[in-house]
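Here the protein sequences come in this chain order: V and Z. Going left to right, the first sequence walks through residues 207 to 623 as our numbering numbers them. Going left to right, the second sequence walks through residues 207 to 623 as our numbering numbers them. We put the CB at the ideal spot given by N, CA and C, even for glycine. The structure displayed is predicted, hence computed values, not measured ones. Take a look at the structure set out below.
Protein chains: 2
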Amino acid sequence: MVEPSPAGQHTLRRHNSALVLRAVAGEPGVSRAAIAAGTGLAKATVSSLVDRLIAADLVAETGPVARTGRGRPSTGLTLSTTGPHGLGVEIGVDYLATCLVDLTGRLHAHRMRPGDNRARSAPQVLSRVIRVLRAALREAETLGVPVGGIGVAVPGLVEASTGRLRLAPNLGWRDVDLGSHLSTALADRLPPTGVVVGNEADFAAEAELWQSGPAGPGGQRDFVHVSGEIGIGAGFVVGGVPFPGVRGFSGEIGHIPVDPNGPVCGCGARGCLDRLAGLEWIMRDAGVWDGRPGVARPPAEVLDVLVERLTEGDTRSRWAVRAAGRWLGIALAAAINVLDIPTVVLGGSYAALEPWLRDPLCAELDTRVLSSACGPVTVVRSALGREAAVRGAAASVVRAIIADPDAFVVAGADPAG
Amino acid sequence: MVEPSPAGQHTLRRHNSALVLRAVAGEPGVSRAAIAAGTGLAKATVSSLVDRLIAADLVAETGPVARTGRGRPSTGLTLSTTGPHGLGVEIGVDYLATCLVDLTGRLHAHRMRPGDNRARSAPQVLSRVIRVLRAALREAETLGVPVGGIGVAVPGLVEASTGRLRLAPNLGWRDVDLGSHLSTALADRLPPTGVVVGNEADFAAEAELWQSGPAGPGGQRDFVHVSGEIGIGAGFVVGGVPFPGVRGFSGEIGHIPVDPNGPVCGCGARGCLDRLAGLEWIMRDAGVWDGRPGVARPPAEVLDVLVERLTEGDTRSRWAVRAAGRWLGIALAAAINVLDIPTVVLGGSYAALEPWLRDPLCAELDTRVLSSACGPVTVVRSALGREAAVRGAAASVVRAIIADPDAFVVAGADPAG
DNA sequence: ATTAATAGTTCAGCCGTTGAACTTAGACGT
DNA sequence: ACGTCTAAGTTCAACGGCTGAACTATTAAT
């Protein structure tokens, strides 16, 4: 929704600060003059804004030299690497991951702590999350970098307005008020932006957007990022901005009915995509894993075994992945007909399976997406691995700062000076 | 996308003008003082902005009296009924409709001209559209009301960036540059806002939003409006704003695959919703119409026959509509899992069938929408009939003016003064 | 008639942006 | 080595829009 608030002079500053910072982020090393030319702002304005951004340690000068040709050489500007960092946590089904990224998106610290979270109660896991976060905050302190905010990725429906986790089937959680719980527990060290909770698939999409630079994956700033794991989720990016849906529950493509009379899914419905193309079932169908679904997860190595067999040409594995590709194509055709986002990024474990998923997937998309008559649906493979969600959680903090730096500028200007 | 343009003082005016105008639109009869209190702007600012809006004839004073109690009585403000009007045209499969609405959304003139457009070539239909538009413009002139812009509703994929109609299966058209064609043909009488082409389902959703007041249907400003006719389309409204998708092709729920191995649809794919729950097929299955699909359309009265039989309790009709309701539920479950818009408005011919569609539809939604565990999906019936699309086309013109009046204010201030 | 209360206007002041003039700093040519 | 040229960045008066306080206008209540 458009903000229904009055606009004053400070609104201009805010808007233009964001504009300038975005220019710096989009083209590291730009000069003030180039920003002025690119944005349409006057040189004087850009200088004034840049000074403030430098004072807040969001932007840094790369040094006074940057030879171009004739005339006074320009002073390059970049996002400050000593500015506020984003701290990301992912509460996975069988691990806890953290990472720290700077304003440019570069990874500074990454930790992975295995351990089945389904075996523990929500409070147990939460106190572990708090310990892990405190450790990460300490680590940032020893590294000498300030933490701007914390992003928390969870595999479930997160209410955007409140930060409550409403439903996490794979964790077996319901109605956990993650946002305020973590905020109060960390009240003594709460970073400026606070704690933002979100869905892992949405964060993964954000990481993809970040990783692939300002142009986005495949040169697109609009894409569907599919996180294919045990459960299948999607994150949407429209015009370079995440689309969270009304309440934040968008992207649950794992529960699109692709075969209305098909097998029963864990959610109780019949023929959900999760049940027909989820990693667990692909592995069962391929015969690379014989665990019962939902009881214990296939270990990460099983994916490697599957890929190996696929490479060798194993018929059963190939058949299983082809079938999954077709079902995925049907679900994505539904999603694209609904949303009109003609680029698909295969992420998570699907990235590794892309060579074998691609053809059956594209075949379904070509016949079933109405707008494919007006231009093909592009399918690309994610550049990021399984750490996409954590990185996205951390990056979302940083993205929020870049999208609206002014609050941070005035807040940061006081203690800095 | 967020606009990457610099913000100056004029941007403030623009934003705040829209803010004030929206306040007037949302609560007809408000005083300047109430607007100031409601928006947070200073009284002086509101006065200044209102004066400009009155000068541009977007706002009118209702007369200097409006007794409240003690103190100086307030001067009520409303949207001007003599201000710019929106002219809407709908190119239906077997009719051409026009209408004229004022800033408040009230219908001033409405014409319906039957005639099968599939029998004619696109240029033939276009010249007829131009004649019809010229007639409507003359009529507006004799009524003494200015026309602010023209909205054109078409049953097909319209490229938002260019106004080109890329594909209209039910008309048999491909790649018709409606926008620029109409603009040049009407160049001598082109209204300020020009010509905007859009999908009929999107416009219908916009009409629904308008009709149901600032709160939206069912008190929601987020909903999926389903236009159920021969083809099934949907328009999405998120936060009170239409969601057009990346290229403007969103909402093609008629081609969601609901039964991957089902019957072949006109688009070539198998088991599309159109083929299983489109009006033509409901009528065939119900036995109220025996025309061959796609050859000639069932006349409008057939719907009345169907409704009559349903009311009488005819088993075959009820069975056919129940089946359609289930398929529709499956498709909408997919859409809602993707988009997270938990309110469905049944529009078009589906509005008349709502009593019989409702139960099977809701049953599917309850089991198949993952987030239904966090709150039920609401299903309501549209207040508007089949004229929703034309009205939406006209209303979209007016909505654009209200959303960004400033361009109109400065443009209108010159010739007015 | 006086007082109280509310609506709307006027005006000096503040703030951010702007464009022009100015300063800075290196490259090129002789 | 020196002056000239070019482009980057800064300074400053001016402009436009918002604001709060003071002021006027208009009605009800005492």
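Residue range 555 to 574 is occupied by the alpha helix (DSSP H) that includes Z/P561. Annotation: Z/V470 is outside any alpha helix (DSSP H) and is labelled neither H nor E by DSSP. Under the DSSP assignment, Z/E435 falls outside any beta strand (DSSP E); it carries neither an H nor an E label.
Cβ contact annotation for Z/R219 (same chain, cutoff 8 Å, sequence separation greater than five): L255, D612, in chain order. Taken through DSSP and simplified to helix, strand or coil, V/A539 comes out as helix. The C-alpha of V/V382 lies about 51 Å from the C-alpha of Z/D381. Short of 6 Å from the beta carbon of V/P463, and not among the five residues preceding or following it, lie these beta carbons of its own chain, in chain order: G477. Where V/L285 is concerned, the enclosing beta strand (DSSP E) starts and stops at 283 to 285. For Z/E406, there are no C-beta contacts with chain V under 9 Å, since the nearest C-beta of that chain is about 15 Å from it. Across the stretch 441 to 461 of chain V, CB contacts with chain Z closer than 9 Å involve F442, V444, G445, G446, V447, F449, P450, G451, V452, R453, G454, F455, S456, G457, E458, I459, G460, H461, in sequence order along the chain. For V/L302, the three-state secondary structure derived from DSSP is strand. Residues of chain Z whose Cβ lies closer than 9 Å to the Cβ of V/T217 are, in chain order, A213, T217, L218, H221. For Z/S577, the residues of chain V that pass the 8 Å Cβ criterion are L363, R372, L373, R453, F455, E458, in the order they occur in the chain. For Z/I547, there is no enclosing alpha helix (DSSP H), as DSSP marks it with neither H nor E.
The beta carbons of V/L309 and V/V358 sit about 20 Å from each other, so the pair does not count as a contact at 8 Å.
In the structure shown, Z/G289 adopts coil according to DSSP, grouped into three states. Z/P397 sits buried, since 16 or more C-beta atoms from the chains shown fall within 10 Å of its C-beta. By the C-beta criterion, the stretch 573 to 580 of chain Z is judged to be in contact with the stretch 364 to 383 of chain V, since at least 3 inter-stretch pairs fall below 8 Å. As for any beta strand (DSSP E) of minimum length 3 sitting wholly inside the stretch 381 to 416 of chain Z, the runs are 401 to 405, ordered along the chain. Contact holds between the stretch 405 to 419 of chain V and the stretch 550 to 566 of chain V, because three or more Cβ pairs, one in each stretch, are under 8 Å apart.
In the DSSP secondary-structure assignment, Z/M489 is not bridged to any residue. Boundaries of the beta strand (DSSP E) around Z/H314: 313 to 320.
Under the Cβ distance rule, V/T288 does not count among the residues neighbouring chain Z, no pair being separated by less than 8 Å. With respect to chain V, the C-beta atom of Z/R258 has no partner C-beta closer than 8 Å.
In this structure the stretch 469 to 485 of chain V lies against the stretch 525 to 543 of chain V, because at least three pairs of beta carbons, one per stretch, are closer than 8 Å. Counting along the chain, the unbroken alpha helix (DSSP H) around Z/A231 starts and ends at 215 to 232. For the pair Z/V603 and Z/G385, the CB atoms are not nearer than the 8 Å cut-off. Within chain Z, not a single residue places a beta-carbon under 9 Å from that of V/G484; the smallest gap is close to 14 Å.
Beta bridge pairing from DSSP links V/L371 with V/V364, V/V382. Taking 7 Å as the Cβ-Cβ cut-off, the stretch 227 to 246 of chain V approaches chain Z at T245, G246, given in chain order. Z/V252 is a Cβ neighbour of Z/V226, given a cutoff of 8 Å.
V/R238 is classed as buried because its beta carbon has at least 16 other beta carbons within 10 Å across all chains shown.
Scanning its chain for C-beta atoms nearer than 6 Å, with the 5 sequence neighbours on each side dropped, one finds around Z/P234 the residues T284, in chain order.
Of V/G298, V/V299, V/S523, V/L306, the smallest CA-CA separation from V/H291 is found for V/L306. Just so you know, the alpha carbons of Z/A374 and V/A341 end up roughly 59 Å apart. V/T584: member of the beta strand (DSSP E) spanning 584 to 587, first to last residue.
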